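*Asks:* Residue numbers (this note's numbering): 4 to 305. Mind having a look at this structure? Questions to follow.
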């Protein structure tokens with residue numbers, strides 16, 4: 004992916020730390036795969052055909068393992084992006100044509116439906132260099148120097164996903180007091196009284212957009228309504244499967260619900276948080292549900 008002879012030393016220095024803590028990362032001889040699905044990655048790719056250009060290029064780059072690690076990050080991240088985009092388009096088409104309903108969707112499909120709305124702007128920026136002859140090099144340098152600003156979760160390591168998810172939630176919670184003020188500073192989530200989401204005022208939607216790191220563009224009310232419906236359905240789907248979720252999936256599910264994950268939280272602690280969230284929100288209407296992360300995080304911090 005990167006120029007093997009002219010790459011500056013800093014690239015190799017950063018590469019040494021890139022995947023050391025990622026248990027899902029396998030570099031064996033010249034083949035690397037991610038054993039992940041949807042919230043934690045795409046399914047493994049098929050090995051290149053013997054003698055093909057791809058196979059020969061893999062063997063060539065594999066002479067420099069650290070460079071090969073970056074190469075595979077770009078390839079697998081791009082494949083994961085493409086897989087999610089295809090799933091999102093297919094699911095949206097099926098929902099709009101009434102061929103399927105939300106309660107017909109699998110956990111994987113619901114995850115994509117929820118998160119893709121936030122990932123699409125960055126994905127659009129990523130897609131441009133990928134169309135260029137040396138686009139992989141551009142993405143490679145973005146992975147090294149600007150992973151959070153430029154790239155989506157598809158190109159991050161496990162450690163980066165955990166770190167960046169937590170940072171984004173903490174930053175969004177800085178707007179919690181303003182969001183509560185807009186709705187009259189209720190003392191508890193049960194006291195949140197809002198009209199149906201399609202009739203909520205612009206000031207409330209702008210406050211919510213800050214909490215969820217969304218752009219307050221036209222149609223934001225409809226997008227919040229769709230997000231709320233999808234996440235609530237996802238709550239129903241995972242309620243009996245929380246024990247089977249991996250660390251990657253737990254981090255992802257807490258992130259999309261804007262739940263602050265304690266530093267160095269164990270899997271059991273994250274499962275407990277997710278279980279408490281579902282119990283905390285099960286009786287709320289949609290308006291209160293969207294404000295629930297503010298009250299849930301405040302309750303835990305007191």
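For glycine and all other residues, C-beta sits at the position ideal for the given N, C-alpha and C. Given the structure is predicted, the values throughout are model-derived calculations rather than measurements.
Pick out whichever of 256, 72, 251 has its Cα sitting closest to the Cα of residue 162.
*Replies:* The residue with the shortest Cα to Cα distance from residue 162 is 251.
*Asks:* For the alpha helix (DSSP H) holding residue 176, just list the boundary residues, first then last.
*Replies:* Its alpha helix (DSSP H) spans residues 161-176.
*Asks:* By DSSP, does residue 259 sit in helix, in strand, or in coil?
*Replies:* DSSP places residue 259 in helix when its eight states are reduced to three.
*Asks:* Under three-state DSSP, which class holds residue 280?
*Replies:* DSSP places residue 280 in helix when its eight states are reduced to three.
*Asks:* Check whether the Cβ atoms of residue 207 and residue 172 lie closer than 8 Å to each other.
*Replies:* Taking 8 Å as the Cβ cut-off, residue 207 and residue 172 do not qualify as a contacting pair.
*Asks:* Can you give me the C-alpha to C-alpha distance between residue 55 and residue 112, rounded to a whole angstrom?
*Replies:* About 33 Å.
*Asks:* Does the beta-carbon distance from residue 300 to residue 176 come in below 8 Å?
*Replies:* Contact flag set, yes.
*Asks:* Taking residue 91 and residue 117 to be in contact with their CB atoms under 8 Å, please state how far apart those CB atoms are, rounded to whole angstroms.
*Replies:* Incorrect: roughly 10 Å between the Cβ atoms, too far for contact.
*Asks:* Using CA atoms only, rank isn't needed, just tell me which of 166, 212, 276, 200 is closest to residue 181.
*Replies:* With distances taken between Cα atoms, residue 181 lies closest to 212.
*Asks:* Evaluate residue 191 with the Cβ neighbour count: other Cβ atoms within 10 Å of its Cβ, from every protein chain shown; 16 or more gives buried, anything less gives exposed.
*Replies:* The residue is exposed, with fewer than 16 neighbouring Cβ atoms inside 10 Å.
*Asks:* Cutting at 8 Å between CB atoms, please list the residues of its own chain near residue 236, excluding the five before and the five after it.
*Replies:* Excluding residues within five positions, the ones whose Cβ falls inside 8 Å are 105, 106, 108, 113.
*Asks:* I need the straight-line Cα distance from residue 62 to residue 52, nearest angstrom please.
*Replies:* Roughly 12 Å separates the two Cα atoms.
*Asks:* Cα-Cα, which of 303, 240, 198 is closest to residue 272?
*Replies:* Of the candidates 303, 240, 198, the one whose C-alpha sits nearest the C-alpha of residue 272 is 303.
*Asks:* Looking at the unbroken alpha helix (DSSP H) that takes in residue 294, where does it start and where does it end?
*Replies:* Per DSSP, residue 294 belongs to the alpha helix (DSSP H) from 289-304.
*Asks:* In terms of residues, what are the limits of the alpha helix (DSSP H) holding residue 90?
*Replies:* First-last of the alpha helix (DSSP H) with residue 90: 68-99.
*Asks:* Over what stretch of residues does the alpha helix (DSSP H) that includes residue 224 continue unbroken?
*Replies:* It spans 223-241 - the alpha helix (DSSP H) in which residue 224 sits, taken as one unbroken run.
*Asks:* Residue 187: buried (16+ other C-beta within 10 angstroms of its C-beta) or exposed?
*Replies:* Exposed: under 16 other Cβ atoms inside 10 Å.
*Asks:* Among residues of its own chain, excluding the 5 on either side of residue 214, which ones have a beta-carbon nearer than 6 Å to its beta-carbon?
*Replies:* Hits under 6 Å: 175, 178, 182.
*Asks:* Taking all protein chains shown into account, do 16 or more other C-beta atoms lie within 10 angstroms of the C-beta of residue 254, making it buried, or fewer, making it exposed?
*Replies:* Label assigned to residue 254: buried.
*Asks:* Just to confirm the assignment, what range does the alpha helix (DSSP H) spanning residue 183 have?
*Replies:* First-last of the alpha helix (DSSP H) with residue 183: 179-185.
*Asks:* For residue 262 and residue 276, which I take to be in contact (beta-carbon distance under 8 Å), what is that distance rounded to the nearest angstrom?
*Replies:* 6 Å between Cβ atoms; contact.
*Asks:* Looking at the secondary structure, which residues open and close the alpha helix (DSSP H) in which residue 268 lies?
*Replies:* First-last for residue 268: undefined, no H or E at that position.
*Asks:* If we count the other Cβ atoms within 10 Å of its Cβ and call it buried at 16 or more, is residue 268 buried or exposed?
*Replies:* Label assigned to residue 268: buried.
*Asks:* In this structure, how does DSSP classify residue 60 when only helix, strand and coil are distinguished?
*Replies:* Reduced to three states, the DSSP call for residue 60 is helix.
*Asks:* Let me know the secondary structure DSSP gives residue 29 once reduced to three states.
*Replies:* Residue placement at residue 29 cannot be trusted, given a pLDDT of 32 that sits under 50; what the coordinates show is reported in the next sentence. If DSSP states are grouped into helix, strand and coil, residue 29 belongs with the strands.
*Asks:* Can you tell me which of the three DSSP states residue 117 falls into?
*Replies:* Looking at residue 117 - three-state DSSP - the assignment turns out to be helix.
*Asks:* On a Cα-Cα basis, can you pick out the residue from 278, 220, 221, 258 that is closest to residue 246?
*Replies:* Ranking the options by Cα distance to residue 246, first place goes to 278.
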